[in-house]
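Asks: Before anything else, here's the structure in question.
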Amino acid sequence: MGSCLSAHFKVNPSACWGSSRAHLTEELEGDVGSFPFMRPPTILGEHPTICFGYREGFKSTYKLERQLGQGSFGRTFIATHLQSGAQAAVKAIQKSKILVSLSMADVKREVKIMQALSGHENVVEFYDAFEDKDFVYIVMELCRGGELFSRIASKKGSQYTERDAARIVRQMLTIVARCHLCGIVHRDLKPENFLFKSEDDSSELKAIDFGLSNFIRPGRAFKDVVGSACYLAPEVLKRRSGAESDVWSIGVIAYLLLCGRRPFWERTESHVFKKILEEEPDFNERPWPTVSSSAKDFVRKLLVKNPRARLTASQALSHPWVREEEARDIPLDVAILSNIREFVRSSHLRKIALRAVTSILSSTEIANLEDQFKAMDTDKDGALSQAEIYEALAKDKTWHLQEIKVMEVLRAMDANKDGRINFEEFAAAALHVRQMEGYDFRRWHKQCAAAFDKLDVDKDGFITPDELRLFSSTNSSFVSLIDEADMDKDGRLNLQEFEILLR
């Protein structure tokens, strides 16, 4: 089991396979609840004791057995519960190491994050936290199937079948989507941080080691460089990263599963970073010519250097390569919930423009939105009620939801004013506009032109107030509405002004 609990580190070349551990340089920001306090020394020269407020009595509850692994700040063991005989994994963190090398807040944060994610089938289960004067003990589920890394390495230069790779990637993406919905970014996803529950070939995969994880703060990027070198996203190296960096890391793992090697590899750390920032992954060498076009498309869309243009974890789960036939259990996409909030704040003119764009998109282009709509439509009646919207928005832990805001959301999305949200109304509010523009600008330009053409009823190359009135159920002053986007002040919109309006 992983034991890296530090907040900031310098990556070294061996970290490409995740074997190195982190070195603390400074404490991460983040709301981690109450901080531990230090009991004063009772004897001259004795170190003060850190107290986290965790339960005492570990040694009367568990017996440590065989050691599983060792890190910079402690060791991981198999432990037996003295009363039931059940076995667990225990991470024992030395308090003396915390005093000199490790932010006290990091231990508290790791426990808090594990508690928040516990219960997900693909996250190692958190059981309890204990402490005594020398150690903090984190007790969790014991996974007996070994690391994903070990199974990859055992292939000896070969690779997984596409079917097996897709099954593994699907599980990793559900973990990431759940983390992001809970307002958590993992920040150190790599094959070593995924364990199989059992040795069976079809065993469930479990994410471990949340020592570098942190809570997402909307509108604020992480400025520290953390993770393992070969799995770092470009924006991490540029010191302005967010949840999107987790998806990049999954893309690197998917590439590795499919071809048996990493997409960005050099002998030195600096050259690895240069490749990540400047080069594209190779899809020409063997075995890529024999890999399906769907698999290659999937990996490319995860390894997009612009984080705004990269697929979200939930979007990736809707991709044909990993999507199960019935798209079961695709988690809500926190980015879509964010798009809906932005839609609510948009002007009436921009809402009309977004509805026009949605209307010209193909079913393939909005497949992920259909999956999200079905996930929110819990009673399966083909429309979203106020209660269903509230239930979905409440799952976004980064947004403090108030019931009054739900009515505001409903009114903003409900174009036909029937008190319910159909799929077309939902899609306009949930559309990933910046992602579409960033991923393929030429295609986005064509989509904007098609939407513009739909609103330009007389096909004279301009959208007028009278034409807009045909696409709205309100009695707004469309002359004043157009004014917000009418850059040349001629009383109408041209295509360039229309595109700028959508940004």
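Going by UniProt numbering, 385 is the number at position 385 of the sequence shown; the sequence numbering is gapless. Even for Gly, the Cβ is constructed at its ideal location relative to N, Cα and C. If you're wondering where the values come from, they're calculated on a predicted model, not measured in any experiment.
Roughly how many angstroms lie between the CA atoms of Val409 and Glu192, to the nearest whole one?
Replies: To locate residue 409, count along the sequence shown from 1; it is residue 409. To locate residue 192, count along the sequence shown from 1; it is residue 192. Computed Cα separation, rounded: 42 Å.
Asks: Could you tell me the alpha carbon to alpha carbon distance between Asp483 and Gly242, rounded to whole angstroms?
Replies: Indexing the sequence shown from 1 puts residue 483 at position 483. Indexing the sequence shown from 1 puts residue 242 at position 242. When rounded, the distance between both Cα atoms is 35 Å.
Asks: Compute the distance between the beta-carbons of Pro234 and Pro263, then report whether it is under 8 Å.
Replies: Position 234 of the sequence shown holds residue 234. Position 263 of the sequence shown holds residue 263. It is not a contact, given that the beta carbons lie outside the stated cut-off.
Asks: Quick one, which of Arg411, Glu499 and Cys182 has its alpha-carbon nearest Arg442's?
Replies: By 1-based counting over the sequence shown, the position of residue 442 is 442. Comparing Cα positions, the closest option is Glu499.
Asks: Tell me the rounded alpha-carbon separation between Ile389 and Val406.
Replies: Residue mapping note: residue 389 aligns to position 389 of the sequence shown, counting from 1. Residue mapping note: residue 406 aligns to position 406 of the sequence shown, counting from 1. Their Cα atoms are separated by approximately 7 Å.
Asks: Helix, strand or coil for Leu24? Go by DSSP, reduced to three states.
Replies: The count along the sequence shown starts at 1 and reaches residue 24 at position 24. Below a pLDDT of 50, predicted positions are generally treated as unreliable, and Leu24, at 23, falls in that range; no measurement from the model is reported.
Asks: Closest to Ala394 by CA distance: which of Asp381, Arg411, Leu82 and Met376 is it?
Replies: Walking along the sequence shown from the start, residue 394 turns up at place 394. Ranking the options by Cα distance to Ala394, first place goes to Met376.
Asks: Our contact map puts Glu279 next to Val272 with C-beta atoms below 8 Å; I'd like the distance itself, whole angstroms only.
Replies: Locating residue 279 in the sequence shown gives position 279, where the first residue counts as 1. Locating residue 272 in the sequence shown gives position 272, where the first residue counts as 1. Actually they do not touch by this definition, with Cβ atoms about 10 Å apart.
Asks: Reducing DSSP to helix, strand and coil, say where Ser6 ends up.
Replies: Looking up residue 6 in the sequence shown gives position 6. A caution first: Ser6 carries a pLDDT of 31, below 50, which makes its placement in the model unreliable, though a value can still be read off. In this structure, Ser6 counts as coil in the three-state DSSP scheme.
Asks: Rounded to whole angstroms, what's the CA-CA distance from Glu211 to Ala485? Just pull it up for me.
Replies: The residue you call residue 211 lines up with position 211 of the sequence shown. The residue you call residue 485 lines up with position 485 of the sequence shown. Just to set this straight, residue 211 is Gly in the shown sequence, not Glu. One C-alpha to the other measures close to 47 Å.
Asks: Going by C-alpha distance, which of Leu384, Asp460 and Ser338 is nearest Arg492?
Replies: As a working mapping, residue 492 is identified with position 492 in the sequence shown. The candidate whose alpha carbon is nearest that of Arg492 is Asp460.
Asks: What are the complete beta strand (DSSP E) segments, minimum 3 residues, inside the stretch 179 to 241?
Replies: 194 to 196 and 205 to 207
Asks: Secondary structure at Ile152, three-state DSSP: helix, strand or coil?
Replies: Position 152 of the sequence shown, counted from the start, is the residue given in the question as residue 152. Looking at Ile152 - three-state DSSP - the assignment turns out to be helix.
Asks: Between the Cα of Ala367 and the Cα atoms of Ile352, Gln386, Leu431 and Leu349, which residue gives the shortest distance?
Replies: Locating residue 367 in the sequence shown gives position 367, counting from the first residue. Closest by alpha carbon: Leu431.
Asks: Does the stretch 125 to 144 come within contact of the stretch 58 to 67, defined as at least 3 CB pairs closer than 8 Å?
Replies: yes
Asks: Starting from Val479, follow the alpha helix (DSSP H) in both directions and report where the run begins and ends.
Replies: Numbered from 1 along the sequence shown, position 479 holds the residue referred to as residue 479. From DSSP, the alpha helix (DSSP H) with Val479 extends over Phe478 to Asp483.
Asks: Tell whether a beta-carbon distance below 8 Å holds between Gly69 and Ile93.
Replies: In the sequence shown, counting from the first residue as 1, residue 69 sits at position 69. In the sequence shown, counting from the first residue as 1, residue 93 sits at position 93. Not in contact: Gly69 and Ile93 (Cβ atoms no closer than 8 Å).
Asks: Straight-line CA distance for Asp414 to Leu349?
Replies: Translated into the one-based positions of the sequence shown, residue 414 becomes position 414. Translated into the one-based positions of the sequence shown, residue 349 becomes position 349. Cα to Cα, Asp414 sits roughly 15 Å from Leu349.
Asks: Hey, Val176 and Ala313 are a contact pair by Cβ (cut 8 Å); roughly how many whole angstroms apart?
Replies: For the purposes of this step, residue 176 is taken as residue 176 along the sequence shown, with counting starting at 1. For the purposes of this step, residue 313 is taken as residue 313 along the sequence shown, with counting starting at 1. That belief holds up - the Cβ atoms of Val176 and Ala313 are roughly 4 Å apart, short of 8 Å.
Asks: Taking buried to mean at least 16 other C-beta atoms within 10 Å of its own C-beta, is Leu82 buried or exposed?
Replies: Residue 82 sits at position 82 when you count from the first residue of the sequence shown. With fewer than 16 other Cβ atoms within 10 Å, it is exposed.
Asks: Quick check for students: name the residue ranges of the alpha helix (DSSP H) that lie wholly in the stretch 364 to 435, counting only runs of 4 or more.
Replies: 367 to 376, 386 to 394, 403 to 413 and 423 to 430
Asks: For Tyr231, which residues of its own chain have a beta-carbon under 6 Å away from its beta-carbon, when the five flanking residues on both sides are left out?
Replies: In the sequence shown, residue 231 corresponds to position 231, counting from 1. Answer for Tyr231: Lys190, Ser249 and Val252, listed in chain order.
Asks: Just tell me which of Asp132, Ser318, Met436 and Gly260 has its CA closest to the CA of Leu369.
Replies: On the sequence shown, residue 369 is found 369 positions in, with the first residue counted as 1. When only C-alpha atoms are compared, the closest one is Ser318.
Asks: Tell me the rounded alpha-carbon separation between Thr464 and Phe283.
Replies: Here residue 464 refers to the residue found at position 464 of the sequence shown. Here residue 283 refers to the residue found at position 283 of the sequence shown. One C-alpha to the other measures close to 47 Å.
Asks: Between Glu199 and Ala153, what straight-line distance do the alpha-carbon atoms span, to the nearest angstrom?
Replies: Taking the sequence shown and counting its residues from 1, one reaches residue 199 at position 199. Taking the sequence shown and counting its residues from 1, one reaches residue 153 at position 153. Near 15 Å, if we compare the C-alpha coordinates of Ala153 and Glu199.
Asks: Just grab the DSSP bridge partners of Met140 for me.
Replies: Taking the first residue of the sequence shown as position 1, residue 140 is located at position 140. Paired residue(s): Ala89 and Phe126.
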